[in-house]
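Have a look at the structure below before the remarks.
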Amino acid sequence: MSQTPLLNDRDIEFLLYEFLNSEALLERPRYQEHSREVFDATLATAKTIAEKYFANHNAKGDANEPTFDGENVHLIPETQEAWDAFAEAGFLAAHYDFEEGGMQMPEIILRAAMSYISSANISSTGYPFLTLGSANLIHSFGDEAQKAKYLPPMMDGRFSGTMALTEPGQGSALADIKTTAKPQDDGTYRIFGQKMFISAGDHNLTENIVHMVLAKIEGAPAGTKGISLFICPKFLLNEDGSVGERNDVALAGLLHKMGYRNTTSTVLSFGEKDGAVGYLVGEAHKGLAYMFQMMNEARIGVGLGAAVLGYQGYNYSLDYARNRPQGRLPSQKDPTSKQVNIVEHADVRRMLLAQKAYVEGSMALCFYASQLFEDSNTATTEEERKQAFTLLDLITPMVKSFPSKYGLRANEHAIQILGGSGYIREYPVEQYYRDNRLNPIHEGAEGIHGLDLLGRKVPMNGLAGYQALKDEILASTEEAKTIEETSAWAKSIEAALASLDQTTMSLLGTLGKGEVDLGMANATVYLDMFGRVLVSWIWLKQAIIAVKALATDLHQDEENFYRGKLQAAQYYIQWELPEIDYQAKLLQSQDDTCLAMQDAWF
Amino acid sequence: MKILVAVKRVVDYNVKVRPKSDGTDVDIANAKMSINPFCEIAVEEAVRLKEKGVATEVVAVSLGTKQSQEQIRTAMALGADRGILVETDTELQPLGVAKCLNAIIAKESPDLVIMGKQSIDGDNNQTGQMLGALSNMPQGTFASEVAVEDGTVNVTREIDGGLQTVKLNLPAIVTTDLRLNEPRYASLPNIMKAKKKPLDTTTPDELGVDVAPRVQTLKVEPPAERSAGIKVADVAELVEKLKNEAKVI
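Read top to bottom, the protein sequences are chains A and B.
Residues 1 to 602 (this note's numbering) make up the first sequence, in order.
Residues 1 to 249 (this note's numbering) make up the second sequence, in order.
Listed below in structure tokens is the structure:
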């Protein structure tokens, strides 16, 4: 079989211009220089780079993981070509304003562009992904001198970046990190400590690596309010901005991962000698708050990465099912009759449909979140911007967790469809699964998002985000009830929303009574339940568009496309949504099975 | 030195085209359209000659509906300096295209014309040769290497059984083969710059060219499906079949 097609161009077009109205962005002052043609050309360039420079070594990078000889890290050479192509095309700078040297490109278009590149090779995409994130931190919170020093080389690809948060002892609970920063007379700091699982923490792709490090200044208050953010480059910069001496940051070793292998995962030692020189970003003790302000963005990115890995498995297993003859339908008794391709078997179709519902639903969810992110920055009125931010803040736990959980489930189905072939490395689907297994872990593990949703995002501001989302969902169901094909689904979703409401009030009631451990005990189930309701709505929105399109005179391919959307919506709403019934029952009963289990009983 | 590059809007090479059910034509409604891959190679070669300082200006020309502007913009994003669209809704065939290009040559007086050896929709492989005849310019077709020096161009051609190098006096016409170069991708800044580059529109009428089709399509049908193979009992049967059924020996 030839190379797996990356995503589905028609679906991307549908998401950008039918599900969302990305062309309307052109009316906003920031995007007046742009046009649909520019958006399309940007996506075409992203796709070309993805196919030529990223897809070419996805399997090779997996089979030849990075090595460390004590001095240098070695990556397969294709990684450098991929980095160079990404940087030369301008993607590291595209989202910044023209006057900052950027292309003033909308978030949603760049997310779509990034989906092509991640789908081709998620691990080589790690380097630009982290560089974009760390540059954004400096852009948002650094002072003018820091911006002038670090942003230009990070925008043109001479420097890369990392996010150095996690430590050997601390991951999910950052409040207790041990890395310290000693103030110096010249206003700089010396950093001491170890960081672990730092992706892209060392390599030779760029002249320099800019680590964004969380550390506690000596004497800082305990807990999250004592954490500061520092720029700590691998090489110090001379006054003129050129790369100078090595900073006291050493690679202690590489970690050997299940997937995402071509992104180095590192243990970094800061201050083995006199301390690594660090520069405080923004104000002292606000580091974690700064990081959290970037989280919505980063979490959409992780969700999208999980979605596109699911998408790759779906594309591959679909192609396989269409070309693999095996067995006959139950009604075909004649052993001399021709075998059917396995796509003819209902059970294989079930697994394909589940993948389609998960991955297209996840993509649509992430694109919707990107649109909210865009609106929260560039919508015309203050009220629209606020509304978008409120909604985005609420749904972010699901935007990260749903694709991470169900993109992975999709990959499991892809493996199952290929059978024995799915389990061997000669076929690509097992790699998609291994790569995707990271996504429920990093950028906030699944359980953390459950706690964040129930403990913070839902009750926040008098349930403002929660109410806003309910209004959005009910507006869609009102419309869908007037359409014959979607009215039954609309009613199912309204019932599901009512059930979610009861569950939410019941859990908030328990929390309100001060029974915090009990109320939060099953938050991960609540997260999943919320995700199912949310994605059912995302599918209903797609279904409404499909029904309208099908009422017009369509080309056969177009008709098939929209029929596929409707069938996937039906699958999700009829097969997957009803599982919330048992979840609601469990949650509303304040079940304490897990909480009450005793350590000694295991 | 001025280079004229011809670019054609065609169905994207990834699209699997099918005949329409009534057999009147190929069904390309809603299909993704792109710049013809051979034309992309032509643009790349022209831009490289400009980057080397050999050429001073690259002009991209396309013919067809208004949407062909997109392919001219693509060429400009890859490095062409300006564009000309010969706009028409008429179905274009190689002779009409060659005549229009000839009229453009008369106006623009390029020193070199670079174009694809064929387009992946019509697969005619005629336009470059016809243009050579109409313009009285020498032609180097199927180029895998192009070197310009002192008023001449050396063109290495891919021919049956090897390579042939011809030396042409400028102005000349070069048609590109696949191995000539690897086209670049358009960087985001260049995509934005292309928006601001000049794009003029003219029509076949204004050029004084009649582009009415000379060839009529009678019927379009898919190739016959391959039938299942058979096993032969022995060499004698194989030889018999090759002789009498396949008629190849």
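Glycine included, each C-beta is placed from N, C-alpha and C at the ideal position.
Could you tell me which chain A residues have their CB closer than 8 Å to the CB of residue i, listed as they occur along the chain?
i, result
"B:S187", "T45, E88, A89 and G90"
"B:A29", "H555"
Assign residue i to buried or exposed, taking buried as 16 or more other Cβ atoms, counted over all protein chains shown, within 10 Å of its Cβ.
i, result
"A:A93", "buried"
"A:E167", "buried"
"A:T206", "buried"
"A:S2", "Here A:S2 scores only 49 on pLDDT, less than 50, and its place in the model should not be relied on; the value that follows carries that caveat. Exposed."
"A:S140", "exposed"
"A:Q467", "exposed"
"A:R322", "exposed"
"A:D528", "buried"
"A:L352", "buried"
"A:F270", "buried"
"A:H555", "exposed"
"B:V248", "exposed"
"A:C594", "exposed"
"A:E374", "buried"
"A:K333", "exposed"
"A:M291", "buried"
Starting from residue i, trace the alpha helix (DSSP H) both ways and give me its first and last residue.
i, result
"B:I72", "Q69 to L78"
"A:M398", "E382 to L418"
"A:F39", "R36 to I49"
"A:S376", "A346 to T378"
"A:R114", "Here the sequence assigns Met to residue 114 of chain A, which means Arg is not the residue at that position. A:M114 -> alpha helix (DSSP H) spans E107 to A120."
"A:A63", "N58 to A63"
"A:I545", "A523 to L550"
"A:Q293", "G287 to Q293"
Given that residue i touches chain B, what residues does it touch there, using C-beta distances under 7 Å?
i, result
"A:R82", "Checking the displayed sequence, the identity of residue 82 of chain A turns out to be Ala instead of Arg. Chain B residues near A:A82: none, gap ~13 Å exceeds 7 Å."
"A:D9", "K32"
"A:I49", "Y185"
"A:S492", "Near A:S492 there are no residues of chain B at all, since even the closest Cβ is about 33 Å away, more than 7 Å."
"A:S172", "Correct list: empty, because the minimum Cβ distance to chain B is about 37 Å."
The beta strand (DSSP E) that contains residue i, what's its start and end?
i, result
"B:T203", "Careful: B:T203 lies outside any beta strand (DSSP E) and carries neither H nor E."
"A:R324", "Unbroken run through A:R324: none, as it is neither H nor E."
"B:N169", "G162 to N169"
"A:K182", "T180 to P183"
"A:K216", "N208 to I217"
Using the beta-carbon of each residue, which ones in chain B are nearer than 8 Å to residue i?
i, result
"A:V38", "I191, M192 and K195"
"A:M105", "L188"
"A:A94", "L188"
"A:T42", "L188 and I191"
"A:S317", "Going along chain B, no residue has its Cβ under 8 Å from A:S317, so there is no contact; the nearest lies around 20 Å."
"A:S35", "K195"
Find the residues of chain A that neighbour residue i, judging by a C-beta separation of less than 7 Å, and give them in chain order.
i, result
"B:R48", "Within 7 Å Cβ-Cβ: nothing; B:R48 doesn't reach chain A, min ~16 Å."
So which residues on chain B does residue i lean against when the C-beta distance must stay under 9 Å?
i, result
"A:S370", "In chain order: nothing, as chain B lies at least about 18 Å away."
Under 8 Å between C-beta atoms, does residue i make it to chain D?
i, result
"B:A194", "Here the protein chains are A and B, and chain D is not one of them."
Inter-stretch contact (C-beta, 8 Å, three-pair minimum) for the stretch 252-260 of chain A and the stretch 344-364 of chain A: Too few Cβ pairs lie closer than 8 Å, so no.
At least three beta-carbon pairs within less than 8 Å, the stretch 18-33 of chain A to the stretch 538-548 of chain A: Yes: the two stretches touch, three or more of their Cβ pairs being nearer than 8 Å.
Pairing CB atoms from the stretch 25-44 of chain A with CB atoms from the stretch 157-174 of chain B, are three or more of them under 8 Å? When Cβ pairs closer than 8 Å are counted between the two stretches, the stretch 25-44 of chain A is seen not to touch the stretch 157-174 of chain B, the count staying below three.
Does the stretch 50-66 of chain A come into contact with the stretch 427-437 of chain A, if we say contact requires no fewer than three beta-carbon pairs (one atom in each stretch) closer than 8 Å? Two segments are said to touch when three or more pairs of C-beta atoms, one from each, lie closer than 8 Å; by this definition the stretch 50-66 of chain A touches the stretch 427-437 of chain A.
Of all the residues that make up the stretch 218-233 of chain B, which are near chain A by a beta-carbon distance shorter than 8 Å? From the stretch 218-233 of chain B, no residue has a Cβ closer than 8 Å to chain A.
For the stretch 215-227 of chain B against the stretch 99-119 of chain A, are there 3 or more C-beta pairs whose distance is under 8 Å? Segments in contact, no.
Chain B contacts from the stretch 534-562 of chain A (Cβ-Cβ distance under 9 Å): Cβ contacts with chain B come from L554, H555, Q556, D557 and E558.
Cβ contact (3+ pairs, closer than 8 Å) linking the stretch 399-412 of chain A and the stretch 128-146 of chain A: In short, these stretches do not touch, since the Cβ pair count stays below three.
What residues from the stretch 53-80 of chain B come within 9 Å of chain A, judged by C-beta to C-beta, listed N to C? Going along the stretch 53-80 of chain B in chain order, one finds Q69, E70, R73, T74 and A77 with a Cβ nearer than 9 Å to chain A.
What residues in the stretch 122-151 of chain B have a beta carbon less than 7 Å from any beta carbon of chain A? The residues in question: there are none.
With contact counted as at least three CB pairs below 8 Å, one residue from each stretch, are the stretch 207-216 of chain A and the stretch 278-289 of chain A in contact? The stretch 207-216 of chain A, when compared against the stretch 278-289 of chain A, does touch it at the 8 Å Cβ threshold.
Segment contact, 8 Å Cβ cut-off, at least three pairs: the stretch 83-97 of chain B with the stretch 54-65 of chain B: In this structure the stretch 83-97 of chain B touches the stretch 54-65 of chain B; the number of beta carbon pairs closer than 8 Å is three or more.
Pairs of beta-carbons, one from the stretch 555-562 of chain A and one from the stretch 479-496 of chain A, closer than 8 Å: are there three or more? Segments in contact, no.
Just checking, does the stretch 223-236 of chain B make contact with the stretch 80-87 of chain A on the three C-beta pairs under 8 Å criterion? No, because fewer than three Cβ pairs between the stretch 223-236 of chain B and the stretch 80-87 of chain A fall closer than 8 Å, the two stretches do not touch.
Taking a Cβ distance cut-off of 8 Å, strictly less, list which residues of the stretch 218-237 of chain A are near chain B, in chain order. Under the 8 Å Cβ criterion, the stretch 218-237 of chain A contributes no residue.
Between the stretch 441-461 of chain A and the stretch 412-427 of chain A, are three or more C-beta pairs nearer than 8 Å? Too few Cβ pairs lie closer than 8 Å, so no.
Count the CB pairs spanning the stretch 32-46 of chain B and the stretch 172-180 of chain B that are closer than 8 Å, and state whether there are at least three. With the cut-off at 8 Å, the stretch 32-46 of chain B and the stretch 172-180 of chain B touch.
Cβ contact check for the stretch 93-105 of chain B and the stretch 122-137 of chain B: 3 or more pairs under 8 Å: These segments touch.
Using 8 Å as the cut-off, can you tell me whether the stretch 359-377 of chain A makes contact with the stretch 577-591 of chain A, which would need three or more C-beta pairs spanning the two stretches below that distance? With fewer than three CB-CB distances shorter than 8 Å, the stretch 359-377 of chain A does not count as touching the stretch 577-591 of chain A.
Assess, as a yes-or-no matter, whether the stretch 233-247 of chain A is touched by the stretch 297-304 of chain A under the definition of 3 or more beta carbon pairs within less than 8 Å. The stretch 297-304 of chain A, when compared against the stretch 233-247 of chain A, does not touch it at the 8 Å Cβ threshold.
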